[in-house]
Structure formats: structure tokens, C-alpha cells
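Each residue of the sequence shown is one higher than the last, beginning at 1 in this note's numbering. No residue lacks a Cβ here, since even glycine has one placed at the ideal position from N, Cα and C. Working notes, beginning with the structure itself.
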Amino acid sequence: MAILLEKLISGYREFLTWGDQRVAHLPLMWSPIPLLIILAAYVFFVFEIGPHIMQHREPFNIKIVIMVYNVLQIILNGIGFVMTMYWLPEVNVLCTPLTKPDLAFTHYLYFLLKGMDLFDTVFFVLRKKYSHISFLHLYHHIIMLVGSWVTCKYFPGGQLFVVGMLNTFVHVVMYIYYFLMSWDPTYKNIMWWKRYLTQLQIMQHCMVFFAFLAAILNPNCTYPRGVLLVYLPGNVLMIYLFVDFYAKTYPKRVLEAKQH
Numbered sequence: 001m002a003i004l005l006e007k008l009i010s011g012y013r014e015f016l017t018w019g020d021q022r023v024a025h026l027p028l029m030w031s032p033i034p035l036l037i038i039l040a041a042y043v044f045f046v047f048e049i050g051p052h053i054m055q056h057r058e059p060f061n062i063k064i065v066i067m068v069y070n071v072l073q074i075i076l077n078g079i080g081f082v083m084t085m086y087w088l089p090e091v092n093v094l095c096t097p098l099t100k101p102d103l104a105f106t107h108y109l110y111f112l113l114k115g116m117d118l119f120d121t122v123f124f125v126l127r128k129k130y131s132h133i134s135f136l137h138l139y140h141h142i143i144m145l146v147g148s149w150v151t152c153k154y155f156p157g158g159q160l161f162v163v164g165m166l167n168t169f170v171h172v173v174m175y176i177y178y179f180l181m182s183w184d185p186t187y188k189n190i191m192w193w194k195r196y197l198t199q200l201q202i203m204q205h206c207m208v209f210f211a212f213l214a215a216i217l218n219p220n221c222t223y224p225r226g227v228l229l230v231y232l233p234g235n236v237l238m239i240y241l242f243v244d245f246y247a248k249t250y251p252k253r254v255l256e257a258k259q260h
């Protein structure tokens, strides 16, 4: 037993050394343990602590907090998108080697943004909007956070650049919409472009799918195919969930509008 435990500890330490040394010293990057603690706390709050706290309470009025949060998301994702545009001339979306561009710290900032996104769910709980916490919502937030950590730790740069580029742009548009909704909920009646926001999200994941597939099928592409093959099924599931959400949500609303 002692020998087995020693081998496990030794293997874990070796596993940690495989990471990119450019990010090893940064907060939350030395080991997956902090990330796992954050995810465990997130899930526990969403399903246990949060509902228990809110059980006999009225929804919190956190309009100002949410407005500030949305503005921060717009600014930070906007900065992230501008940073990706700076590196774009060095990128071939059909095959970008792992060695270029040097995006280690940029990937780290993107990982922090995905951590910040978890507050979307926290705010839903505090406002008792439990119907918004769907499997799609939870899967999207968790898989993006885990994927961004793994990418930053082991594969910063290269073909996965396209994910951050597209995602930060979509989030700018998305949080502009959320800000307008938090500012004045009556805008919901005139914000006809909400369905197109969902279409934009679907398009984003489809573009990521084809970028991954192009690199996988390109015999001259040096980016590790194994990484893309691991990420690809998660991307396909994301497309399916968004398409399913779109199909169930918008045709129904169109039908209701016609009936009235």
C-alpha cells in the first residue's frame, strides 16, 4: 500500500511538471486542485447552499451589481478580443503550430475570464431564477473553465487560439444584451435580436468545429491531434445543446405571438 501511494504521489508530481513553465508560477495554475475546489464549491452552491439560503427569502435586488458585472464583462472581453486581433496575422486558422504565437499569458487571462463567468449562475441563484440554470448553462460554464485551464497549463497557443478569438467577441455582444436587459427589462419587448445572439453562439461553435477538423485532417499540421480529438466531442455536444435550445425556444415564441 505504501509503495502504491508513493508511486501515485510520484506520478502526480511528474504530471505537474508536464505543464508549460511560463504559466506554472501564476495563481491557480500550479495544480488542478484549486480548479477542482472552485468547481466543487460552484456546484455545491448552485444545488445546495444557494437554494437553502434563498428558500425563505425574497429574490435579492442586485440590479446595480449585475449592471456593473455586465459592463466589466464587456470591457474585459473587448480587451481580450483586441489582444487576439493583435496576434491574428501570425495565425492560420486551418493549422497554427503550438509554438506560435506566444500566447501563454493571454490564455491565462482568458482562463480568468471563464472563471468570472461562473457569477452568471450565482446571480441566477440569488435572484431565484432557477429555470435559467439548465444543463446547457452548467455544461457550458464548467467545460469552458476546465478547457481553458487545461489549454493554458499544457497547450497555450496554436490552433486553440481560434476559441478565445471567437468566444471573446461573442461575449462582448452577449453582455451588451444582458446590460440592456438589466438596465431596463422592458427592452425585452423590442430586443428582436436575441434569437440572432443564439444563432451567433451556434455559429461560433460550428466555426471552432471546422477549425479543429481542418487541423486534424491536415497531414502537414504539427499541432497535437490528440488534443483536438479530445476537445472535439465536447464541441459537438455544445453545438447540439445550443441547436436544441434554439429549436425549442424560438419557434414556440413565434407561434405564441401569432396566436395573440
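In the structure shown, what three-state DSSP assignment does residue i receive?
i    : result
L72  : helix
T222 : coil
Y204 : Residue identity differs from the one stated: residue 204 is Gln in this sequence, not Tyr. Looking at Q204 - three-state DSSP - the assignment turns out to be helix.
R127 : coil
V227 : helix
F210 : helix
S148 : helix
G50  : helix
V254 : Any reading at V254 needs caution, since the residue's pLDDT is 48, under 50, leaving its predicted position unreliable; the model's value is listed next. Helix, per DSSP.
I321 : Any question about residue 321 goes unanswered here, given that the chain covers just 1 to 260.
L26  : coil
R57  : coil
D20  : coil
F119 : helix
F155 : coil
W87  : helix
Where does residue i land, buried or exposed, given buried means 16+ other C-beta within 10 angstroms?
i    : result
W149 : buried
M85  : exposed
P59  : exposed
F81  : buried
T168 : buried
F212 : buried
Less than 6 angstroms between C-beta atoms, sequence neighbours within five positions excluded: which residues of the same chain meet that for residue i?
i    : result
L94  : A214
Q259 : Low confidence applies to Q259: its pLDDT is 44, below 50, so where it sits in the model is not reliable enough to give any reading.
Q73  : Y175
Could you tell me the boundaries of the alpha helix (DSSP H) in which residue i lies?
i    : result
W183 : F161 to W183
C95  : Looking at the DSSP string, C95 is not in any alpha helix (DSSP H), and its letter there is neither H nor E.
I37  : I33 to F44
L113 : A104 to M116
In its own chain, which residues sit with a C-beta less than 7 angstroms from the C-beta of residue i, not counting the 5 before and 5 after it?
i    : result
G19  : K153 and Y154
I239 : I202, H205, C206 and F209
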